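Read top to bottom, the protein sequences are chains A and B.
For the first sequence, position 822 (counting from the first letter as 1) is numbered 821 according to numbering that gives the first Met the number 0, and the numbering increases by one without interruption.
For the second sequence, position 1 (counting from the first letter as 1) is numbered 0 according to numbering that gives the first Met the number 0, and the numbering increases by one without interruption.
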Amino acid sequence: MSLVRNIVSGLRSLFRKERVEGELDEELRGFLDMAAEERMKQGMSRKGALRAVRLERGSLEVAKEVVRSAGWESFMETLWQDLRFALRMLRKNPGFTAVAVLTLSLGIGANTAVFSVVNAVLLKPLSYRDPDRIVTLSGSSTTGEAPLAAPKQISIPDFQDWHDQSNSFEAMAYYNSREFAVMPGSEAEYAQTAVVSPEFLRVFAVEPIVGRFFTAEELKPGGGGALIISHAYWQSHFGGDPRVLGQTVRMFGRTLPIVGVLPSGFHFPGMTDLWLPAIGPAGGTLSRSAQNWLAVGRLKPGVALERAQTEMTSIARRLEQQYPQSNKSRSVTVARMRDEMVGDVRFTLYLLLGAVSVVLLIASANTATLLLGKATARTREVAVRAAIGASQGRIVRQLITESLVLALVAGLLGLLLAYGGAKGLVALAPANLPRLAETGVDRWVLAFTLGISLATSLLFGLVPALYASKIDLNDALKLGGTRSVIGGGMLRMRGVLVVAEIALAVVLLSGAGLLIKSFIALHNVALGFRPENVLVMRATVPRRFTPEEAQRANQVFKDVLSQVASLPGVLAAGATMAPPGHVESSGSYWVDHMPAQPDLTGSTVVLSIVAPGTFAALGIPLKSGRDFNDSDTYDRPFVAVVNEALVRKSFFGQNPLGRTIFCPFDSFKGMEIIGVVGDVRQFGPAREPMPECYMTYQQHQYNGTTLSIVVRTAGNPTTLTETLRRLTHERSPDVPVKFTTMEATLSENVAASRFRTLLFGIFAGLAVLLAMAGVYGVMAYAVGQRSSEIGVRMALGASTRSVLRLILGQGLVLGGVGLALGLTAATAGTRLLTTMLFRVRPNDAVVYLAVAVLLGMVALVASYVPARRASKVDPLTALRHE
Amino acid sequence: MADKSSDLVQGTLDMLILKTLALEPMHGYGIAVRIEQVSQGVFRVNAGSLFIAFQRLQRAGIIRSEWRATENSRRAKYYVLTEQGRKRLNSETREWGRQVAAIARILEAS
Numbered sequence: 000m001s002l003v004r005n006i007v008s009g010l011r012s013l014f015r016k017e018r019v020e021g022e023l024d025e026e027l028r029g030f031l032d033m034a035a036e037e038r039m040k041q042g043m044s045r046k047g048a049l050r051a052v053r054l055e056r057g058s059l060e061v062a063k064e065v066v067r068s069a070g071w072e073s074f075m076e077t078l079w080q081d082l083r084f085a086l087r088m089l090r091k092n093p094g095f096t097a098v099a100v101l102t103l104s105l106g107i108g109a110n111t112a113v114f115s116v117v118n119a120v121l122l123k124p125l126s127y128r129d130p131d132r133i134v135t136l137s138g139s140s141t142t143g144e145a146p147l148a149a150p151k152q153i154s155i156p157d158f159q160d161w162h163d164q165s166n167s168f169e170a171m172a173y174y175n176s177r178e179f180a181v182m183p184g185s186e187a188e189y190a191q192t193a194v195v196s197p198e199f200l201r202v203f204a205v206e207p208i209v210g211r212f213f214t215a216e217e218l219k220p221g222g223g224g225a226l227i228i229s230h231a232y233w234q235s236h237f238g239g240d241p242r243v244l245g246q247t248v249r250m251f252g253r254t255l256p257i258v259g260v261l262p263s264g265f266h267f268p269g270m271t272d273l274w275l276p277a278i279g280p281a282g283g284t285l286s287r288s289a290q291n292w293l294a295v296g297r298l299k300p301g302v303a304l305e306r307a308q309t310e311m312t313s314i315a316r317r318l319e320q321q322y323p324q325s326n327k328s329r330s331v332t333v334a335r336m337r338d339e340m341v342g343d344v345r346f347t348l349y350l351l352l353g354a355v356s357v358v359l360l361i362a363s364a365n366t367a368t369l370l371l372g373k374a375t376a377r378t379r380e381v382a383v384r385a386a387i388g389a390s391q392g393r394i395v396r397q398l399i400t401e402s403l404v405l406a407l408v409a410g411l412l413g414l415l416l417a418y419g420g421a422k423g424l425v426a427l428a429p430a431n432l433p434r435l436a437e438t439g440v441d442r443w444v445l446a447f448t449l450g451i452s453l454a455t456s457l458l459f460g461l462v463p464a465l466y467a468s469k470i471d472l473n474d475a476l477k478l479g480g481t482r483s484v485i486g487g488g489m490l491r492m493r494g495v496l497v498v499a500e501i502a503l504a505v506v507l508l509s510g511a512g513l514l515i516k517s518f519i520a521l522h523n524v525a526l527g528f529r530p531e532n533v534l535v536m537r538a539t540v541p542r543r544f545t546p547e548e549a550q551r552a553n554q555v556f557k558d559v560l561s562q563v564a565s566l567p568g569v570l571a572a573g574a575t576m577a578p579p580g581h582v583e584s585s586g587s588y589w590v591d592h593m594p595a596q597p598d599l600t601g602s603t604v605v606l607s608i609v610a611p612g613t614f615a616a617l618g619i620p621l622k623s624g625r626d627f628n629d630s631d632t633y634d635r636p637f638v639a640v641v642n643e644a645l646v647r648k649s650f651f652g653q654n655p656l657g658r659t660i661f662c663p664f665d666s667f668k669g670m671e672i673i674g675v676v677g678d679v680r681q682f683g684p685a686r687e688p689m690p691e692c693y694m695t696y697q698q699h700q701y702n703g704t705t706l707s708i709v710v711r712t713a714g715n716p717t718t719l720t721e722t723l724r725r726l727t728h729e730r731s732p733d734v735p736v737k738f739t740t741m742e743a744t745l746s747e748n749v750a751a752s753r754f755r756t757l758l759f760g761i762f763a764g765l766a767v768l769l770a771m772a773g774v775y776g777v778m779a780y781a782v783g784q785r786s787s788e789i790g791v792r793m794a795l796g797a798s799t800r801s802v803l804r805l806i807l808g809q810g811l812v813l814g815g816v817g818l819a820l821g822l823t824a825a826t827a828g829t830r831l832l833t834t835m836l837f838r839v840r841p842n843d844a845v846v847y848l849a850v851a852v853l854l855g856m857v858a859l860v861a862s863y864v865p866a867r868r869a870s871k872v873d874p875l876t877a878l879r880h881e
Numbered sequence: 000m001a002d003k004s005s006d007l008v009q010g011t012l013d014m015l016i017l018k019t020l021a022l023e024p025m026h027g028y029g030i031a032v033r034i035e036q037v038s039q040g041v042f043r044v045n046a047g048s049l050f051i052a053f054q055r056l057q058r059a060g061i062i063r064s065e066w067r068a069t070e071n072s073r074r075a076k077y078y079v080l081t082e083q084g085r086k087r088l089n090s091e092t093r094e095w096g097r098q099v100a101a102i103a104r105i106l107e108a109s
């Protein structure tokens, strides 16, 4: 009640000011008169009586002021006044305002942009119901040695035991996903497809919006087959037709009826559009070593992650004892899905956020030096205000309001910059950054921008405001001028700020330098193949698991390849299961003979299926022996080509040609080694080559139905795209194709490194520019302050050169101190980068030297202009000024 | 103006104003004089403090004001205790009595 009355009364004072003031006046005058009359009754003169009352009761003017400033509305009123005054001040100094707003908005904008990515990727809850209860169940190893290709995958029998023996979960499901060939109409295309187990949708608490989930019948081995589609696929392929149920899609040479449509926005895993039932183990014969699946679960309400983990660990330990052959040192890790999704991206993003916040710090320091400079110019104004009764707090408030206005304007502009910047970030970011598409400006981003705007306004506004409010009234008013009043302290303060700016810029620049050097190293790495002018066409021949269909697939590739090879402009053509940069399969291998218990021994090898001509097309050198050829068919002795890493690992200088290698990929037959090729960095440039065993597609037809045709061309490889598509579809219209180039694949491989290097580089560049502006500002100011001193020096015979040297020296001192501090901080700070560096150590001397030279030059250049101006000082003018 | 013991003074002044107004509605000067007279000159009320107190008490709904003619037929703002104000006065008087008694006991005990 009284709050309402307080507000109403306050608003009345604000909006009916005249009347309220009038009443107060009248009341106080009445008070005075009555008091005076009392005195006059005792015989005093009216004048004397009034004076006595004033002495006794205090000045009524003061009383009025006190009453007026007591309510909250007076705070609002002064705030309003301060705001208007601040805007007027900023308008009156357009140059200052523009520089300050621009500097700050760059800092705020860059921070907001990076934060909007952090927000989307790391902070926003997943858009499922109760997302914190959704967890992933990943296979892990108790010894720390995980399989190469898919360390987190699990087997169905293990999953069944987890599912049946645990009670922390409301639902648990396994799935896997890949691109499959689909025939929605007359021409085949790829569709991201997931195969899922019965409780899959219950994990996400999602229901089909049209139709239903798979029935128990459809989930059984030999079930009729059924398909669920995403909302997006429904819209794009069926025009959102509600009669979509019962319509069919051709996959795997079968016709699958659509039984359901999932709600808009649901695409788990990844960007899945089609879901198929996972046909359970037929007769329980599936091996525990067949780790081809991923698992997710939904915790029961109130069950902590730790409890679920403890339960799962003990189940895994039981399985280890029960099935030592397959489950030795196998365990399971339960993690919140969001944490699992973002994984190692988290560190990169937080590091970038840290780097960009350093830019904002520098921008703040820069603005603070600008404000300090302006505070000097405003000494007189502040002094006058203080002299007519403004308290120190009142002056600080006024100055802080100005900073606030500045920061808020900059924040608004920064938001606009961030809007564009975030789009750029999303475009630059590696494609595998999860949830990146959700980046945008939401209320959290807005709150962040407002927050950092307010924080920076305090950061850059408080020190100058306190300085300005502490001036010595007497001196300021007496001297009248603006020079040398508070110059000494101010200059020192500005020097400190500039040194800090340089130091921070050095830290960022060192980080950027290390990343750039490592990025260059990544580019100069010998890949083992030549990526230029290679077109990659992925194609899948749909088939059922019959020998006839596998052979048909093989024939399709063979025919297409022979046609491609004879095209004009084609230098070489081949096909591979996994173009360099990807590993499709890995396993164990043995030389000369197979052990009795193959599960326990054997070294790891990357497995690849290729067509003849692939090595030539990719530019992988043949070191000895021969390539595969068309007569290496299924009914001939099996052959293999290995890489040098495998020879080094297993043959110890012996000749591998003619020896037998066993790689249980799709058969346990031994293969004669017919050739040795050079090593390729299979996992992209950052990882050392692994032993690799190549097999020919004619002898491994089951796994050769999805291959990437690789074509080395004389000119731009992408010009062949349409020809290849036509050739393939003429041969077989049910084969979907997808194009890329080897160079594009490679660039994806280094995308993460490029992303952070580029961003770090941009931030460091901004930092250096801002620091340069800072040095320039301080030096220009110092020269202004010292112009009379310089005049005297020159009058006494100092040469232009010596004046130049004097000023440049001062700039270099600032630079040197900043550099020393910055390098010290950088050697500590860049250790954070260690995991991101490739062939560069965090204490790389060359990088630090380059940083030092660059920063020294920046300090010199920034001081040069003011120094020139100083050396042009006319002694007469300068002296007359005194 | 804002002396260090303002809280204490404020609270006390509020109570004295309420007590004065409990007898009859009164204008600002009248209240000042009454407080001085009754306290036999111990309290001398500053105009500034007095009028802030009026504003505050009004906003709290403890007193209200109206313009009336004085006995000398001058227009003046009279302050009137509200029902809420009467309750507040009672409770504050009781509380004050309790505190004074407690302090007195402490002082006597030593």
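Even glycine gets a Cβ: it sits at the ideal position worked out from N, Cα and C.
Owing to the predicted nature of the structure, the values given are computational and were not obtained by experimental measurement.
As a quick exercise: from the options, pick the residue whose alpha carbon is nearest that of residue i.
i               : options                        : result
E26 of chain A  : A:E60, A:E310, A:Y780          : A:E60
L803 of chain A : A:V864, A:P841, A:N842         : A:V864
T613 of chain A : A:S584, A:K557, A:A172         : A:K557
A615 of chain A : A:Q681, A:G586, A:S649, A:T712 : A:T712
L570 of chain A : A:M689, A:T312, A:L719         : A:L719
V782 of chain A : A:G764, A:S176, A:I806, A:L811 : A:I806
E186 of chain A : A:S801, A:P735, A:G810, A:E747 : A:P735
Q700 of chain A : A:G419, A:N642, A:F661, A:A552 : A:A552
A504 of chain A : A:L360, A:G580, A:T378         : A:L360
G855 of chain A : A:G810, A:A866, A:V846, A:T826 : A:G810
T332 of chain A : A:R306, A:F30, A:V113          : A:R306
A779 of chain A : A:V497, A:A464, A:R830, A:V604 : A:V497
D591 of chain A : A:S235, A:S649, A:G674, A:E687 : A:S649
L757 of chain A : A:S623, A:L415, A:I399, A:L508 : A:L508
T876 of chain A : A:A794, A:L351, A:F667, A:V205 : A:A794
A915 of chain A : A:R647, A:G652, A:G624, A:T271 : No information on residue 915 of chain A is available, as it lies outside the stretch 0 to 881 that chain A covers here.
My output table needs one value for residue i: the three-state DSSP class, helix, strand or coil.
i               : result
T192 of chain A : strand
G94 of chain A  : helix
K3 of chain B   : Because K3 of chain B sits at a pLDDT of 33, beneath the cut-off of 50, its placement in the model cannot be relied upon, and the point is left open.
K123 of chain A : coil
Y466 of chain A : helix
Y28 of chain B  : helix
T705 of chain A : strand
L560 of chain A : helix
P690 of chain A : coil
T102 of chain A : helix
If you drop the 5 nearest sequence neighbours on each side, which residues of the same chain put their C-beta closer than 8 Å to that of residue i?
i               : result
V857 of chain A : V767, A770, M771, V774, G814
G283 of chain A : Low confidence applies here, because G283 of chain A scores a pLDDT of 48, under 50, leaving its location unreliable and the question unanswered by this model.
At what residues does the alpha helix (DSSP H) containing residue i begin and finish?
i               : result
V860 of chain A : 844-870
Y775 of chain A : 750-794
Would a check of beta-carbon distances place residue i closer than 8 Å to chain E?
i              : result
R33 of chain B : The question asks about chain E, but that chain is absent: this structure's protein chains are A and B.
Where do the ends of the beta strand (DSSP E) carrying residue i lie?
i               : result
E65 of chain B  : 62-68
L617 of chain A : No beta strand (DSSP E) contains L617 of chain A, which is instead part of the alpha helix (DSSP H) from 613-617.
Once the 5 residues before and after residue i are set aside, which same chain residues still bring their CB inside 6 Å of it?
i               : result
I708 of chain A : M536, A574
For residue i, which residues of its own chain have a beta-carbon under 7 Å away from its beta-carbon, when the five flanking residues on both sides are left out?
i               : result
Y696 of chain A : N553, F556, A574, I608, V609, A610, G703, L706
When Cβ atoms are compared, which residues of the region 59-82 of chain A fall closer than 9 Å to chain B?
The residues in question are L59, V61, A62, K63, E64, V65, V66, A69, G70.
Residues in the region 15-32 of chain A having any Cβ partner in chain B nearer than 9 Å:
Per Cβ criterion, the list reads E22, L23, E25, E26, L27, G29, F30, L31, D32.
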